[in-house]
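At the far end of the sequence shown sits residue 442, using our numbering, and the numbering has no gaps. The structure appears right after this line, and notes come after that.
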Amino acid sequence: MAINAPEGTYDMLSDRKLFWEQFKATARSVFGRYGYVSVETPVIERTELFVRGIGEATDVVSKEMFTAISGANLTKLLAGEKLASKSRLSLRPEGTAGVVRACVQHDLVPQGAPPAKLMYAGQMFRAERPQHGRQREFNQVGIECLGADDPTIDAEGIIMLMRFFAEVGIPRESMTLLVNSMGCEACRPAYREAVLSYMRSHEDALCATCKERMEMNPLRAFDCKNEACARIMEDAPKISDYLCEECAEHYGRVKELLELAGISFVEDSRLVRGLDYYTRTVFEVQVAGSDKAQNAIGGGGRYDKLAEEVGGRPTPGFGFALGFERCANVLEDVGHVFPEARSCQVFVASVADEVRTDAFALTQLLRDAGIQAEEDHQGRSLKSQFKLADKLRAELVVILGPDELREGQVRIRNMHTHEEELIAKDVVAGEIANRL
Ligand code: AMP
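Okay, structure coming up:
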């Protein structure tokens, strides 16, 4: 039986791959205007990084990580040996922890330095139940800004994300930007207590999962998709009533700057996001129409304690990630025209076998002149070579015939207008370059 790609993964074939490359180029161009530069961190990291950084109680870490064990270790493991923590590696479920680790490891934000503005793009892995818009391997583009806690960083980051979505073609009216503040270590504990005591008073009606994680992380109940839990959490205490003065001021300034930039948003006091590391600003961009569980195309927030969690000095941070496949789904829904990968601008056709060596040489010559050129490799008839040129969407076909070649000439056919003309073989590369 044929072996297919694992469930929740997919093969990025040529057209989609071309779109992914363009998508990343657009991100580099938009984010570059705000000072962000690209970095690439490993796809595998020590499991500990995610446990400490993202939080042990989160779904992503407790249930969804692909944890890798090398072959040699597997043998030892089967023999009952305990693995050293440094041998436990996990495929990254998100990009922030790795980038922050790299910043700490390479001291990218020394004291007094300007903020490090970094962007990344690549695969993330989560062992979730695969469904439309929810995969086990998916691609994200993200940014992280370390070293500044000013609300201008949060505001410009959100503005930049909205600019990016507009530039790739996602209609503004299909997106809702939700914002909230999650407070800081000074004000969140009291809020957490208030939510916990509210949940205790409704414990009987909560789902098993919410009950189970109530003590460890009560705020996660805001993300629960169970209808009864959602109804109960509607009336739960609101973080806005608990923010300390500094957090309230920070949040107020972020909103003010967004308004100034003409970015409309909806405040959602129930937006807590799934990862433990957020402090203060959190935000999410949702699209209408798709399944509620998969309607977020991007989101992020501030994480002022994360660098310390992974062993660095106190370094405030802000970041977001957006999902490539979910964006592509939205673009599909709005009838976006995706690029088609093309491998041939000019096709070199041979009228007879005796000119095939000339065709081979001319094809190389055109390639060396920077032109995407192709010829027949399967001994096709002239008619079938034309069909192939058409299929490859060649713009021009160079026709080599023994009679014309003897006179030092070749024929060029324009595949759109079907016009043909004779030109001197010696100048063919230059002539073709002019016509493309
Ligand atoms: P998160 O790190 O969960 O905030 O995810 C950031 C973005 O990545 C989301 O807004 C989605 O667009 C995308 N994303 C997250 N999980 C998945 C998944 N399992 N499959 C596809 N896209 C995802």
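In this text, a Cβ means the ideal position worked out from N, Cα and C, and glycines have one as well.
Per DSSP, which one or two residues make a beta bridge with residue i?
| i | result |
| --- | --- |
| residue 151 | 123 and 324 |
| residue 418 | 404 and 427 |
| residue 186 | 288 |
| residue 95 | 52 and 74 |
| residue 304 | 291 and 328 |
| residue 181 | 293 |
| residue 352 | 379 and 402 |
| residue 385 | DSSP, once it has assigned bridges, lists no residue as partnering residue 385. |
| residue 198 | Beta-bridge pairing links residue 198 to no other residue. |
| residue 272 | 184 |
| residue 5 | Residue numbering for the chain in the displayed model covers 7 to 442; residue 5 lies beyond these limits and cannot be assessed. |
| residue 43 | 124 |
| residue 137 | 140 |
For residue i, count neighbouring C-beta atoms within 10 Å of its own C-beta (all shown protein chains included) and say buried if the count is 16 or more, exposed if not.
| i | result |
| --- | --- |
| residue 119 | exposed |
| residue 363 | exposed |
| residue 7 | exposed |
| residue 127 | buried |
| residue 171 | buried |
| residue 10 | exposed |
| residue 103 | buried |
| residue 19 | exposed |
| residue 141 | buried |
| residue 221 | exposed |
| residue 23 | exposed |
| residue 268 | exposed |
| residue 295 | exposed |
| residue 59 | buried |
| residue 435 | buried |
| residue 321 | buried |
| residue 101 | buried |
Are the CB atoms of residue j and residue i within a distance shorter than 8 Å?
| i | j | result |
| --- | --- | --- |
| residue 110 | residue 316 | yes |
| residue 441 | residue 428 | no |
| residue 174 | residue 30 | no |
| residue 95 | residue 74 | yes |
| residue 228 | residue 125 | no |
| residue 381 | residue 354 | yes |
| residue 201 | residue 234 | no |
| residue 325 | residue 313 | no |
| residue 224 | residue 198 | yes |
| residue 152 | residue 116 | no |
| residue 336 | residue 303 | yes |
| residue 211 | residue 176 | no |
| residue 419 | residue 426 | yes |
| residue 348 | residue 300 | no |
Determine whether the Cβ of residue i lies closer than 8 Å to any Cβ atom of chain C.
| i | result |
| --- | --- |
| residue 237 | This model lacks chain C altogether; it includes just one protein chain. |
Quick test of your reading: residue i and residue j, contact by CB under 8 Å. State the CB separation rounded to the nearest angstrom.
| i | j | result |
| --- | --- | --- |
| residue 21 | residue 344 | 6 Å |
| residue 99 | residue 66 | 5 Å |
| residue 328 | residue 272 | 18 Å between Cβ atoms; not a contact. |
| residue 161 | residue 291 | Between residue 291 and residue 161 the Cβ distance is about 15 Å, and since that is not below 8 Å, they are no contact. |
| residue 377 | residue 439 | 6 Å |
| residue 394 | residue 361 | The pair is not a contact, with the Cβ atoms about 17 Å apart (cut-off 8 Å). |
| residue 5 | residue 246 | No answer is possible for residue 5: it lies beyond the span of the chain, which begins at 7 and ends at 442. |
| residue 263 | residue 158 | 7 Å |
| residue 64 | residue 282 | 6 Å |
| residue 136 | residue 14 | 3 Å |
Using only the heavy atoms of the ligand FAD, determine whether one of them is closer than 7 Å to the beta carbon of residue i.
| i | result |
| --- | --- |
| residue 407 | With respect to the ligand FAD, the structure shown offers nothing to examine, as its ligands consist of the ligand AMP. |
Could you tell me whether the region 124-138 touches the region 59-70, using the rule of 3 or more Cβ pairs below 8 Å?
With the rule of 3 Cβ pairs closer than 8 Å, the region 124-138 counts as touching the region 59-70.
May I ask you to verify whether the region 403-411 touches the region 363-375, counting CB pairs closer than 8 Å and requiring at least 3?
Contact holds between the region 403-411 and the region 363-375, because three or more Cβ pairs, one in each stretch, are under 8 Å apart.
Tell me, please, whether the region 25-45 touches the region 80-99 by the rule of three or more beta-carbon pairs shorter than 8 Å.
Segments in contact, no.
Assess contact between the region 248-264 and the region 189-199, defined as three or more Cβ pairs (one per stretch) separated by less than 8 Å. Is contact present?
Segments in contact, yes.
Segment contact, 8 Å Cβ cut-off, at least three pairs: the region 160-167 with the region 138-147:
Output reads no: the region 138-147 does not touch the region 160-167.
Are at least three pairs of beta-carbons, each pair with one atom in the region 275-288 and one in the region 307-322, less than 8 Å apart?
With contact defined as three or more Cβ pairs closer than 8 Å, the region 275-288 and the region 307-322 are in contact.
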